[in-house]
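Note that numbering that gives the first Met the number 0 has the sequence shown beginning at 0, numbered continuously upward. Backbone N, C-alpha and C define an ideal beta-carbon position, used for all residues, glycine too. Have a look at the structure below, then the notes.
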Amino acid sequence: MCKKIIQTLHVYSINKTSITMNLFSKLENHQSNEDHPSLILFPDFLPEMLSFTTAENERIQDLYLQLCSLFNHHNYNEILFLLPQVSSFSMLPPIINLIIGATMIRMGRLDSGFRELAVAIIMSSRGEQRIGFLIVAATLHAELNDKERVQGYLGEILDLSRQVVQSSEEFDIVKENLEELENTLLVKLENIKDKE
Numbered sequence: 000m001c002k003k004i005i006q007t008l009h010v011y012s013i014n015k016t017s018i019t020m021n022l023f024s025k026l027e028n029h030q031s032n033e034d035h036p037s038l039i040l041f042p043d044f045l046p047e048m049l050s051f052t053t054a055e056n057e058r059i060q061d062l063y064l065q066l067c068s069l070f071n072h073h074n075y076n077e078i079l080f081l082l083p084q085v086s087s088f089s090m091l092p093p094i095i096n097l098i099i100g101a102t103m104i105r106m107g108r109l110d111s112g113f114r115e116l117a118v119a120i121i122m123s124s125r126g127e128q129r130i131g132f133l134i135v136a137a138t139l140h141a142e143l144n145d146k147e148r149v150q151g152y153l154g155e156i157l158d159l160s161r162q163v164v165q166s167s168e169e170f171d172i173v174k175e176n177l178e179e180l181e182n183t184l185l186v187k188l189e190n191i192k193d194k195e
């Protein structure tokens, strides 16, 4: 479990302008061609096991891939048009709620978006999945220039990580990765503040 936590927090340097989070969070500096560079990308695979029937699993996988592609290409309106289809499922993995919540927040529907985000976090399994979701939540608050909430989420991530580390060496690795994440989000906060 601890190795997965460290993996989830670990940040891989790609070049001077961007770093990639393991799992599904990609954090980019403002040296981008976009006016509002995306801080979150979802992978083209569903990062969790499903316990539904084979047919349901296939439908959920298809829905996830569709939502994921639309989100990563910033087609947020198209995701909102899919909400009636989403509501036809009796049960969905929490990452679907996470994508819908992040979409609504990006579209300015903050109350609905943060409700979906809260559902995703509550439904997530403790450990690396919840940490991944908290990273996304912290990133969304960084986009909204909400430093206090960003730091609150970082504190939650640290608390969750502390529960599973088995040695001071592992804790040092987690702490180092968390500090790198914090620095990246603080840079984003500063860049957004400068644009206001």
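- Distance from Ala117 to Ile39 at the Cβ level is roughly 17 Å; contact not present, criterion being Cβ atoms closer than 8 Å.
- By the CB criterion at 8 Å, Leu139 and Ile172 fall outside the cutoff.
- Cβ neighbours of Val135 within its own chain (closer than 7 Å, five residues either side excluded): Ser24, Ile39, Leu97 and Ala101.
- Distance check between His73 and each of Thr183, Val149, Phe41 and Ala137 places Phe41 closest, using alpha-carbon atoms only.
- In terms of Cβ geometry, Pro92 and Ile59 form a close pair [threshold 8 Å].
- Where Gly154 is concerned, the enclosing alpha helix (DSSP H) starts and stops at Lys146 to Arg161.
- In the three-state reduction of the DSSP assignment, Gln165 falls in the coil class.
- Counted as a single uninterrupted DSSP element, the stretch harbouring Leu91 is not any alpha helix (DSSP H), since DSSP gives it neither H nor E.
- Taking the Cα positions, Ile95 is about 31 Å away from Glu169.
- The three-state reading of DSSP puts Thr52 in coil, since its state is none of H, G, I, E or B.
- Sixteen is the threshold: when 16 or more other Cβ atoms of the shown chains lie within 10 Å of the Cβ of Asn176, as they do, the residue is buried.
- Annotation: Leu143 to Met106 spans about 12 Å, alpha carbon to alpha carbon.
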